[in-house]
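Quick notes on the structure that follows.
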Ligand code: 6R9
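In the UniProt record's numbering, the protein residues as written are 1 to 673.
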């Protein structure tokens, strides 16, 4: 039996919450039960005391917290960080040495050799789940590491992973960390072109993939996509293939390697390499507001301390719990909260290959009941789509094992929060709305469930060591009042912070530290209420958040204009009930090209091939012209308003070169909802 404390509800406080353009009035704050708080890692007094210490004396706070992982050579320096313009430099525990794979596996062998490390739940519920013990995890990781070494992978080399949600993805990440190689996981939904760009930008020696990736009963042809990508890459790149479904694929002798066969023949042990705390661990490409995706670089020591600590404290993880994060390992959430955080803590972590609605809309709840999941962590887009299918799918399954629910990826609207809390949590468990980014390595604003009362829709308070400020967007003035609104910046470093952009430190400084000098700019807007709670309102730059996936409008625009029939394109977001934001594209065709529904379909297909299905435009409007200033700048503010079907108040249009363009766009707008 799992211990399941009951939550209590306080009623009486009113918050005005504006989200997705609608005004909602909230009336409740939820606090964990006394039992929950009493056994939680951090209670209310603990939060206040530790947070104060973490920002006043980060050196001693983090020196102590860093003891949660095993160091080979202890560090003597804790923090050496600067956000100074032209000189941004971030180093934590820099003279310490460690191995991350040893921290996630070997050190647990004394106490947890036979404990399940990973529960793998396949796409098809008729296929049996796998329970992989720490002993098996060690052996498989070592075998995979030995295969990598046999193919010439050395410390510092890059390895790209383009994989389904199978245990080999975790083995591969840990195997890279074991031998000091730098992994870069590319989400399986990305196209061959996107994969090729990432292989080339990181100058990877090896790509690890699978024949096919089953999801929701369909199979993504990962190997065929990799073949297509490798046509644009260096001939020396090796391709290690997991024969997962066993379906036929093409095979290039001398380049392609049967990974499972070689693992079976490899030695079952591989020594781990002593790495510096600041040696790179992984690159993860993410969308920015301009140009090509950015290779966010995380290093070893600080990242691991932060991932392990946030996993334990935010989710109040205790020994014996079963933790399930539904993200894909292709995103940072999968890195920190399927693989590294949980395994560093010796946890049992669930890895799910499928989708929430296959074979039916009860799959999440069936899996929770089947594996007695205690903490469940998913995205608002999934909650909203399941909410739309009805609570009866939830009621069918026994969810009494649950102790906590989590949300990540985008602002969660209070309706979805309440549904999640009421129907999945039965009104009795805390909901943690965790705000963070690929760049931050782990949660930076989040409720600590036993310490911080939750307000639906608010990510609540900063995590330890994170110093948030709200700035006036236009003036850059720090807003001193508690109750305020503006853009969110962070004034000092925390160990999980990214260190640079792969191969482009200057772009790193420009993208994150140039807007507001001396501060890390998140790109998000926020409101802070009278209780000091943060309410993230969404991106203020040209980054969209579609079903919790980050998409740069610039990337989608350049894909569109690469099409022979397209002269110009502008992409903006618009409110979407399920996805949070949808993609709205204004397209100006080349002279002589006639608009048609076929061309529209063709453009959608084109973007899917250029970037991937997640970037498919929801709406394409034919635009004879785009609204521009006299200096030729596209006025996106106006395009956003029209896409939102809110063209009554377009604001100042006096700088438009040709005001008639706007009338045409309004008359032919696509979103009339
Ligand atoms: C972890 C992750 C980061 C962007 C971020 C913000 C949005 C994430 C959120 C949230 C409101 C939350 N975001 N969590 N907004 N509340 N709890 O999602 O990383 O893919 O890099 O996206 O997602 O806009 O800036 P990433």
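Ideal Cβ positions, reconstructed from N, Cα and C, are used throughout, including at glycine.
Three-way DSSP call (helix, strand, coil) for residue i in this model
| i | result |
| --- | --- |
| residue 255 | coil |
| residue 639 | helix |
| residue 250 | coil |
| residue 135 | helix |
| residue 505 | helix |
| residue 514 | coil |
| residue 213 | strand |
| residue 458 | coil |
| residue 182 | strand |
| residue 51 | helix |
| residue 171 | helix |
| residue 236 | coil |
| residue 521 | strand |
| residue 473 | coil |
| residue 550 | strand |
| residue 158 | strand |
| residue 141 | helix |
| residue 30 | strand |
| residue 500 | strand |
| residue 671 | coil |
| residue 533 | coil |
| residue 544 | strand |
Close Cβ partners of residue i (< 7 Å) along its chain, the five nearest in sequence each way excluded
| i | result |
| --- | --- |
| residue 84 | 518 |
| residue 655 | 629, 630 |
| residue 515 | 521 |
| residue 80 | 91, 94 |
| residue 355 | 215, 216 |
| residue 189 | 612, 613, 614 |
| residue 228 | 192 |
| residue 132 | 116, 117, 118, 120, 167 |
Neighbour-count burial assignment, residue i, 16 or more Cβ in a 10 Å radius
| i | result |
| --- | --- |
| residue 72 | exposed |
| residue 62 | buried |
| residue 456 | buried |
| residue 678 | The requested residue 678 is not part of the displayed model; the chain covers only 1 to 673. |
| residue 545 | buried |
| residue 506 | exposed |
| residue 607 | buried |
| residue 34 | exposed |
| residue 322 | buried |
| residue 535 | buried |
| residue 493 | buried |
| residue 503 | exposed |
| residue 439 | buried |
| residue 114 | exposed |
| residue 490 | buried |
| residue 579 | buried |
| residue 659 | exposed |
Contact set for residue i: own chain, Cβ-Cβ below 6 Å, skip 5 residues either direction
| i | result |
| --- | --- |
| residue 453 | 29, 31 |
| residue 549 | 614 |
| residue 676 | The requested residue 676 does not occur in the structure, where the chain is confined to residues 1 to 673. |
| residue 486 | 470, 471, 472, 473, 479 |
| residue 181 | 153, 157, 159 |
| residue 285 | 198, 293, 295 |
| residue 18 | Residue placement at residue 18 is poorly supported in this model, since its pLDDT is 47, which falls under 50; the coordinates still yield a value, given next. Counting only Cβ-Cβ distances below 6 Å, and skipping sequence neighbours, we find nothing. |
| residue 433 | 407, 412, 459 |
| residue 185 | 161, 329, 330 |
Close beta carbons around residue i, own chain, < 8 Å, minus the five adjacent residues each side
| i | result |
| --- | --- |
| residue 129 | 119, 120, 121, 122, 370, 371 |
| residue 21 | In this predicted model, residue 21 has a pLDDT of only 41, less than 50, meaning its place in the structure is not dependable; the value taken from the coordinates is given anyway. Contacts found: 575, 644, 646. |
### Every unbroken beta strand (DSSP E) within the region 257-334, with a cutoff of 3 residues, ordered by chain
280-286, 294-299, 322-325
### Message
Please give the ranges of any beta strand (DSSP E) in the UniProt domain "AMP-binding enzyme C-terminal" (555-633), keeping only runs that are unbroken, at least 3 residues long and fully inside the region.
### Response
566-576, 580-589, 619-622
### Task
Ignoring anything shorter than 4 residues or poking outside the region 640-667, list the alpha helix (DSSP H) runs there in chain order.
660-667
### Three or more C-beta pairs below 8 Å linking the region 570-588 and the region 607-626
Contact check between the region 570-588 and the region 607-626: three or more CB pairs, one atom from each, fall below 8 Å, which counts as touching.
### Query
Three or more C-beta pairs closer than 8 Å, one from the region 434-446 and one from the region 475-483: is that the case here?
no
### Cβ contact (3+ pairs, closer than 8 Å) linking the region 188-195 and the region 226-244
yes
### Task
At 4 residues or longer, and completely inside the region 339-408: list those alpha helix (DSSP H) runs for me, N to C.
341-344, 363-371, 380-389, 392-395
### Query
Which runs of the alpha helix (DSSP H) spanning at least 4 residues fall entirely within the region 400-453, listed in chain order?
414-419
### Task
Say whether the region 310-318 touches the region 357-367, bearing in mind that this needs 3 or more beta-carbon pairs closer than 8 Å, one atom from each stretch.
Contact fails: fewer than three Cβ-Cβ distances are below 8 Å.
### Query
For the region 415-431 against the region 289-302, are there 3 or more C-beta pairs whose distance is under 8 Å?
Three or more Cβ pairs closer than 8 Å define a contact, and the region 415-431 falls short of that threshold against the region 289-302.
### Task
May I ask you to verify whether the region 76-96 touches the region 161-171, counting CB pairs closer than 8 Å and requiring at least 3?
no
### Message
For the structure I just gave you, are there three or more beta carbon pairs, one from the region 397-416 and one from the region 564-575, closer than 8 Å?
### Response
no
### Task
Let me know the alpha helix (DSSP H) ranges lying completely inside the UniProt domain "Acetyl-coenzyme A synthetase N-terminal" (47-104), each 4 residues or longer, listed in chain order.
58-65, 100-104
### Task
Count the CB pairs spanning the region 456-466 and the region 323-330 that are closer than 8 Å, and state whether there are at least three.
no
### Task
Determine, using beta-carbon pairs with one atom in the region 97-113 and one in the region 259-277, whether at least three such pairs fall under 8 Å.
yes
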